[in-house]
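*Asks:*
2 protein chains.
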Amino acid sequence: MITIYDIAKRANVSPATVSRVLNGYPDVSQKTREKVQRITEELGFQPNAAARGLATKRSWTIGVFFQDHVNSGFKHPFLQDILKTFKDVMGGKGYDLLFFANHTLEGAQDGFAARARHRNVDGVLMLGVPRTEPTLNTLVGAGIPCMSVDLDLLGPRAGYLCSDNKGGAMQAMDYLVEMGHRRIAFIGDRYSTKPGHDRLLGYQESLQRFKLPFSQKWITYGDFTEEGGMEAMKQLLALPMEERPTAVFCAGDMMAIGAMTAMREAGLTPGDDVSIIGFDDIAYAKYVGLTTIAQQKEEMGTQTANALLQLIEDPSQSPPVLTIGTELIVRSTVQRNVVG
Amino acid sequence: MITIYDIAKRANVSPATVSRVLNGYPDVSQKTREKVQRITEELGFQPNAAARGLATKRSWTIGVFFQDHVNSGFKHPFLQDILKTFKDVMGGKGYDLLFFANHTLEGAQDGFAARARHRNVDGVLMLGVPRTEPTLNTLVGAGIPCMSVDLDLLGPRAGYLCSDNKGGAMQAMDYLVEMGHRRIAFIGDRYSTKPGHDRLLGYQESLQRFKLPFSQKWITYGDFTEEGGMEAMKQLLALPMEERPTAVFCAGDMMAIGAMTAMREAGLTPGDDVSIIGFDDIAYAKYVGLTTIAQQKEEMGTQTANALLQLIEDPSQSPPVLTIGTELIVRSTVQRNVVG
DNA sequence: ACCACGCCGGAAAGCGGTTTACAGCCATGT
DNA sequence: ACATGGCTGTAAACCGCTTTCCGGCGTGGT
Numbered sequence: 001m002i003t004i005y006d007i008a009k010r011a012n013v014s015p016a017t018v019s020r021v022l023n024g025y026p027d028v029s030q031k032t033r034e035k036v037q038r039i040t041e042e043l044g045f046q047p048n049a050a051a052r053g054l055a056t057k058r059s060w061t062i063g064v065f066f067q068d069h070v071n072s073g074f075k076h077p078f079l080q081d082i083l084k085t086f087k088d089v090m091g092g093k094g095y096d097l098l099f100f101a102n103h104t105l106e107g108a109q110d111g112f113a114a115r116a117r118h119r120n121v122d123g124v125l126m127l128g129v130p131r132t133e134p135t136l137n138t139l140v141g142a143g144i145p146c147m148s149v150d151l152d153l154l155g156p157r158a159g160y161l162c163s164d165n166k167g168g169a170m171q172a173m174d175y176l177v178e179m180g181h182r183r184i185a186f187i188g189d190r191y192s193t194k195p196g197h198d199r200l201l202g203y204q205e206s207l208q209r210f211k212l213p214f215s216q217k218w219i220t221y222g223d224f225t226e227e228g229g230m231e232a233m234k235q236l237l238a239l240p241m242e243e244r245p246t247a248v249f250c251a252g253d254m255m256a257i258g259a260m261t262a263m264r265e266a267g268l269t270p271g272d273d274v275s276i277i278g279f280d281d282i283a284y285a286k287y288v289g290l291t292t293i294a295q296q297k298e299e300m301g302t303q304t305a306n307a308l309l310q311l312i313e314d315p316s317q318s319p320p321v322l323t324i325g326t327e328l329i330v331r332s333t334v335q336r337n338v339v340g
Numbered sequence: 001m002i003t004i005y006d007i008a009k010r011a012n013v014s015p016a017t018v019s020r021v022l023n024g025y026p027d028v029s030q031k032t033r034e035k036v037q038r039i040t041e042e043l044g045f046q047p048n049a050a051a052r053g054l055a056t057k058r059s060w061t062i063g064v065f066f067q068d069h070v071n072s073g074f075k076h077p078f079l080q081d082i083l084k085t086f087k088d089v090m091g092g093k094g095y096d097l098l099f100f101a102n103h104t105l106e107g108a109q110d111g112f113a114a115r116a117r118h119r120n121v122d123g124v125l126m127l128g129v130p131r132t133e134p135t136l137n138t139l140v141g142a143g144i145p146c147m148s149v150d151l152d153l154l155g156p157r158a159g160y161l162c163s164d165n166k167g168g169a170m171q172a173m174d175y176l177v178e179m180g181h182r183r184i185a186f187i188g189d190r191y192s193t194k195p196g197h198d199r200l201l202g203y204q205e206s207l208q209r210f211k212l213p214f215s216q217k218w219i220t221y222g223d224f225t226e227e228g229g230m231e232a233m234k235q236l237l238a239l240p241m242e243e244r245p246t247a248v249f250c251a252g253d254m255m256a257i258g259a260m261t262a263m264r265e266a267g268l269t270p271g272d273d274v275s276i277i278g279f280d281d282i283a284y285a286k287y288v289g290l291t292t293i294a295q296q297k298e299e300m301g302t303q304t305a306n307a308l309l310q311l312i313e314d315p316s317q318s319p320p321v322l323t324i325g326t327e328l329i330v331r332s333t334v335q336r337n338v339v340g
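So the protein lines, in turn, are chains Y and R. Letter by letter, the first sequence follows residues 1 to 340 in the UniProt record's numbering. Letter by letter, the second sequence follows residues 1 to 340 in the UniProt record's numbering.
1. Kindly indicate if chain Y contains any beta-carbon less than 9 Å away from that of K31 (chain R).
2. Does the region 150-165 of chain R come within contact of the region 209-221 of chain R, defined as at least 3 CB pairs closer than 8 Å?
3. Please list, in chain order, the residues of the region 302-329 of chain Y that have any C-beta partner in chain R closer than 8 Å.
4. Please state the DSSP three-state secondary structure of T56 (chain R).
5. On the criterion of 16 or more Cβ atoms from any shown chain inside 10 Å, does Y25 (chain Y) qualify as buried, or is it exposed?
6. Can you pull the chain R residues whose beta carbon is under 9 Å from the beta carbon of Y25 (chain Y), in chain order?
7. Since I believe D96 (chain Y) is in contact with T61 (chain Y) (beta carbons under 8 Å), could you give me their beta-carbon distance rounded to a whole number of angstroms?
8. Compare the C-beta of T61 (chain Y) against all C-beta atoms of chain R and say whether one is closer than 9 Å.
9. Against H197 (chain R), what residues of chain Y qualify as contacts under a CB-to-CB distance less than 8 Å, listed in chain order?
10. Take every Cβ of the region 313-327 of chain R, pair it with every Cβ of the region 294-301 of chain R, and state whether three or more of those distances are shorter than 8 Å.
11. Closer than 8 Å by C-beta to T138 (chain R): which residues in its own chain qualify, once you throw out the five before and the five after it? Chain order, please.
12. Could you compute how far the alpha carbon of G267 (chain R) sits from the alpha carbon of L309 (chain R)?
13. Tell me which residues share the same chain as D27 (chain Y) and place their Cβ nearer than 6 Å to its Cβ, disregarding the 5 neighbours each side in the sequence.
14. Below 9 Å between beta carbons: does that hold for F224 (chain R) and G252 (chain R)?
15. Would the region 117-135 of chain Y and the region 114-125 of chain R be scored as touching if the rule is three or more Cβ pairs under 8 Å?
16. Looking only at its chain, what residues have a beta carbon closer than 6 Å to the beta carbon of residue 358 (chain Y), apart from the 5 residues adjacent to it on each side?
17. Along the region 37-55 of chain Y, what residues have a CB closer than 7 Å to any CB found in chain R?
18. What does the alpha-carbon distance come out to for the pair F66 (chain Y) and D280 (chain Y)?
19. With a threshold of 8 Å, are at least 3 pairs of Cβ atoms found where one atom belongs to the region 234-252 of chain Y and the other to the region 172-192 of chain Y?
20. Using a Cβ-Cβ cut-off of less than 7 Å, list which residues of the region 84-95 of chain Y approach chain R; keep chain order.
21. Nearest by alpha-carbon distance to D273 (chain R): which of R:M233, R:T304, R:T292, R:A49 is it?
22. If we ignore side chains and look at the alpha-carbon of each, how far apart do L22 (chain R) and F45 (chain R) end up?
23. Return the Cβ separation of P130 (chain R) and T193 (chain R) in integer angstroms, given the expectation that the two are a contact with Cβ distance under 8 Å.
24. Determine the burial state of E34 (chain R): buried for a count of at least 16 other Cβ atoms within 10 Å of its Cβ, exposed for fewer.
25. Should L311 (chain Y) be listed as close to the ligand FAD, given that the test is whether its C-beta is under 8 Å from any heavy atom?
26. How would you list, in chain order, the residues of chain R whose beta-carbon sits under 7 Å from the beta-carbon of N120 (chain Y)?
27. Could you check where the alpha helix (DSSP H) with Y175 (chain R) kicks off and where it finishes?
28. Is I277 (chain Y) closer than 9 Å to L176 (chain Y) when the C-beta atoms are compared?
29. Classify P315 (chain R) as buried or exposed, calling it buried when 16 or more other Cβ atoms lie within 10 Å of its own Cβ.
30. Mapping the DSSP letters down to three states, classify F186 (chain Y) as helix, strand or coil.
31. Once the 5 residues before and after A49 (chain Y) are set aside, which same chain residues still bring their CB inside 8 Å of it?
32. For T291 (chain R) versus F86 (chain R), is the C-beta distance shorter than 9 Å?
33. Please state whether DSSP places I2 (chain Y) in a helix, a strand or coil.
34. Are the CB atoms of I257 (chain Y) and E231 (chain Y) within a distance shorter than 9 Å?
35. From the DSSP output, which residues share a beta bridge with I329 (chain R)?
36. Does any residue of chain R bring its CB to less than 9 Å from the CB of F99 (chain Y)?
Rendered as structure tokens:
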């Protein structure tokens, strides 16, 4: 391995001078600067990140805790999109992304804060991490710059970003009502993630606002999975005809897709028999014609990244709480309700 | 920050002893061992990865170059699945994953090898990286343990893994022929990625084997994107009726989905009018009823991870070249051809 | 001619661990 | 009584880079 000492020797200067040149400090004469640069190139020198990190306490690395609520990992199609733009923004500023493995080693020190400190990351991104994680509070307390998505984790240097979930839910309900629906059911999640909670809130507020009929049986749980959505829809379809909703608001597209499958299996057509509206606008949604509320995923990634950069670069920065607007995407699973 | 010196002081031992305890070396008495462990717990000590990495030349990190041929980044739905199992296996062994940002900084030293060395990664995973990348050879030469997926990058410590693309293509062709098709077109990629190339090979070999008719016009390019598949299909549909294929083998599901869209836009039904078979079995495929050749993605992730671990742990290990079998998934976009 | 000052560049002390060489101690064998 | 040897544990060098403190040198002012 080539070190700055090798370069120093060849250039007849001290390692300190090499370091100065490499970091663009001003107090080096043009002549030495050029000589050092030339030799650096010739030798194909590559600074060692660990050594630099040790000396500067800066790793140019963002730690990412990425977890799917269900199948923890890289599969959830919605979070990918956020991640992509996040990565691009961070990359543009010179940061690489470190994904912490979620398999815990036996006996390994665990907890978010511990792992972040261990790797000396400059900032942390929490993506798809459930609020129920026991060590969340340690992270907040550790004072490491941190941005979460869809998780209201707030601390001295920790902010978060959510879509306007309640507003989006109300957009969905507005549209259903506009299309003539009044008996509207809800498929949400039992664990009350922040988005799940807020979407339920929007549902309930809309019920009151439009003075819609309500039944306890219309609130079902799909826990954001396709299978869950299927089960929930089956329950709704099993209701006696006069209690059956004419439309269902699903708090997530995967659940909506499950619900659509359940309908087809029952010989019904989504839209014609019961209308379905989803939330997220995952990439599939387009292919199955799902009407849904879109989250602006690229925007979310970009803004999260910029907020985190701010938090890292300016310690006095007060932690941001950001809300991103949603958008109604009309496809074919919501049809006008013909009042019988 | 708490260091081993702090612990050493509190335990009245030397830092060396603390290090021994922490790393499970045998030559420490039971009594001191327990004392040190207790204090470590009490103080919530977390070792510093950079310092350790500097001293041991081992980072417990796998560098990942992850690039979509088209939209470089996290969006390609197929690679996700591989990544997930890869991450899980690696996590189980104590490795975290470092994703190199692909945005290159102006003036930054670039090249795969340089970045891998810079971050001192123990191994490298190449995922979705095109063969055309200029600095690929430097990586191979650097002697860093490396596994690639769908990229035939071979070196003293670099192996790769591919699906049996040629075999899979032949599976697809077998099935089409079995379903009565003889005029079969191909949608592939212009840039000749390894999978694209091998699938074309399988197509051509099948043509000969079954003595099928062939036309230059039946080989089209979609470059693995949905839009590309759409364009290619449009070209095929524009052929005079007697030249139009009855089935199309698409070298990737995204292209197949694009092709299906093109058909629908032309007022045709995939399967009934022209049969379509894809390759990959991405998650969407199920929802749109696409008949396709499945790659065993989980298997690919696991095997890639295990191979890389071997390469890392045993320097004398000769680099593996792995092939994973494929599987025909029958859905609805291939229908029996009624020979007129 | 002398002093002060500004500009360059060097020496050396970290950063937080690991590891090698070695020293102290106690029990054992002769 | 003394050499031998096995256990423990210590001192100190080292990994590669940053950064502070400081000294030397050349220049301009007086």
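For each residue, glycine too, the CB sits at the ideal point set by N, CA and C.
*Replies:* Looking at the coordinates:
1. Numbered from its first residue, the second sequence carries residue 31 (chain R) at position 31. Not closer than 9 Å to any Cβ of chain Y, the Cβ of K31 (chain R) fails to qualify, so no.
2. With the cut-off at 8 Å, the region 150-165 of chain R and the region 209-221 of chain R do not touch.
3. none
4. The residue given as residue 56 (chain R) occupies position 56 in the second sequence. Looking at T56 (chain R) - three-state DSSP - the assignment turns out to be helix.
5. Locating residue 25 (chain Y) in the first sequence gives position 25, counting from the first residue. Counting Cβ neighbours within 10 Å, Y25 (chain Y) comes out exposed, since fewer than 16 surround it.
6. For this step, residue 25 (chain Y) is matched to residue 25 along the first sequence. Residues of chain R passing the Cβ test: none, with the nearest at roughly 16 Å.
7. Taking the first residue of the first sequence as 1, we reach residue 61 (chain Y) at position 61. Taking the first residue of the first sequence as 1, we reach residue 96 (chain Y) at position 96. With 8 Å as the limit, T61 (chain Y) and D96 (chain Y) qualify as a contact, their Cβ atoms being about 6 Å apart.
8. Taking the first residue of the first sequence as 1, we reach residue 61 (chain Y) at position 61. Yes - at least one Cβ of chain R is within 9 Å of the one on T61 (chain Y).
9. Indexing the second sequence from 1 puts residue 197 (chain R) at position 197. Result: empty, since nearest Cβ-Cβ is about 27 Å, beyond 8 Å.
10. yes
11. Locating residue 138 (chain R) in the second sequence gives position 138, where the first residue counts as 1. Once the five neighbours on either side are set aside, the close Cβ partners of T138 (chain R) are G111, F112, A113, A114.
12. Your numbering for residue 267 (chain R) matches position 267 in the second sequence. Your numbering for residue 309 (chain R) matches position 309 in the second sequence. Looking at the two C-alpha atoms, the distance is approximately 52 Å.
13. Your numbering for residue 27 (chain Y) matches position 27 in the first sequence. Counting only Cβ-Cβ distances below 6 Å, and skipping sequence neighbours, we find nothing.
14. Working through the second sequence from its first residue, we reach residue 224 (chain R) at position 224. Working through the second sequence from its first residue, we reach residue 252 (chain R) at position 252. It is a contact, given that the beta carbons lie within the stated cut-off.
15. no
16. A question about residue 358 (chain Y) goes unanswered here, because the residues of chain Y that appear run from 1 up to 340.
17. Residues passing the 7 Å Cβ filter: Q46, P47, N48, A49, A50, A51, G53, L54.
18. Numbered from 1 along the first sequence, position 66 holds the residue referred to as residue 66 (chain Y). Numbered from 1 along the first sequence, position 280 holds the residue referred to as residue 280 (chain Y). Rounded to whole angstroms, F66 (chain Y) to D280 (chain Y) spans 18 Å at the Cα level.
19. yes
20. Here the close residues are K84, K87, D88, M90, G91, G92, G94, Y95.
21. Residue numbering aside, residue 273 (chain R) sits at position 273 when the second sequence is read from its first letter. If we check each option's Cα against that of D273 (chain R), R:M233 comes out closest.
22. Your numbering for residue 22 (chain R) matches position 22 in the second sequence. Your numbering for residue 45 (chain R) matches position 45 in the second sequence. Rounded to whole angstroms, L22 (chain R) to F45 (chain R) spans 11 Å at the Cα level.
23. In the second sequence, the residue the question calls residue 130 (chain R) occupies position 130. In the second sequence, the residue the question calls residue 193 (chain R) occupies position 193. That pair is a contact at about 7 Å.
24. Position 34 of the second sequence, counting from 1, holds the residue named residue 34 (chain R). By the 10 Å Cβ count, E34 (chain R) comes out exposed.
25. Ligands are entirely absent from the displayed structure, and the ligand FAD is therefore not among its contents.
26. In the first sequence, residue 120 (chain Y) corresponds to position 120, counting from 1. Those are N48, A49, A50, listed as they occur along chain R.
27. As a first step, residue 175 (chain R) must be located in the second sequence, where it is residue number 175. Here the alpha helix (DSSP H) through Y175 (chain R) covers 165-178.
28. Start at 1 with the first residue of the first sequence, and residue 176 (chain Y) comes out as number 176. Start at 1 with the first residue of the first sequence, and residue 277 (chain Y) comes out as number 277. Yes. Within cutoff.
29. Mapped onto the second sequence, residue 315 (chain R) falls at position 315. Its Cβ having fewer than 16 others within 10 Å, P315 (chain R) is exposed.
30. Along the first sequence, one-based indexing puts residue 186 (chain Y) at 186. In the three-state DSSP reduction, F186 (chain Y) falls in the strand class (E or B).
31. Taking the first sequence and counting its residues from 1, the one referred to as residue 49 (chain Y) is at position 49. If we look at A49 (chain Y) and ignore the five residues flanking it on each side, its Cβ neighbours are S59, W60.
32. As a first step, residue 291 (chain R) is located in the second sequence; it is residue number 291 there, counting from the start. As a first step, residue 86 (chain R) is located in the second sequence; it is residue number 86 there, counting from the start. Contact: no.
33. Here the question's residue 2 (chain Y) lines up with position 2 in the first sequence. Correct three-state label for I2 (chain Y): coil.
34. Locating residue 231 (chain Y) in the first sequence gives position 231, where the first residue counts as 1. Locating residue 257 (chain Y) in the first sequence gives position 257, where the first residue counts as 1. No, the Cβ-Cβ distance between E231 (chain Y) and I257 (chain Y) is not below 9 Å.
35. Position 329 of the second sequence, counted from the first residue, corresponds to residue 329 (chain R). Answer is R:T292.
36. In the first sequence, residue 99 (chain Y) corresponds to position 99, counting from 1. Yes, contact with chain R.
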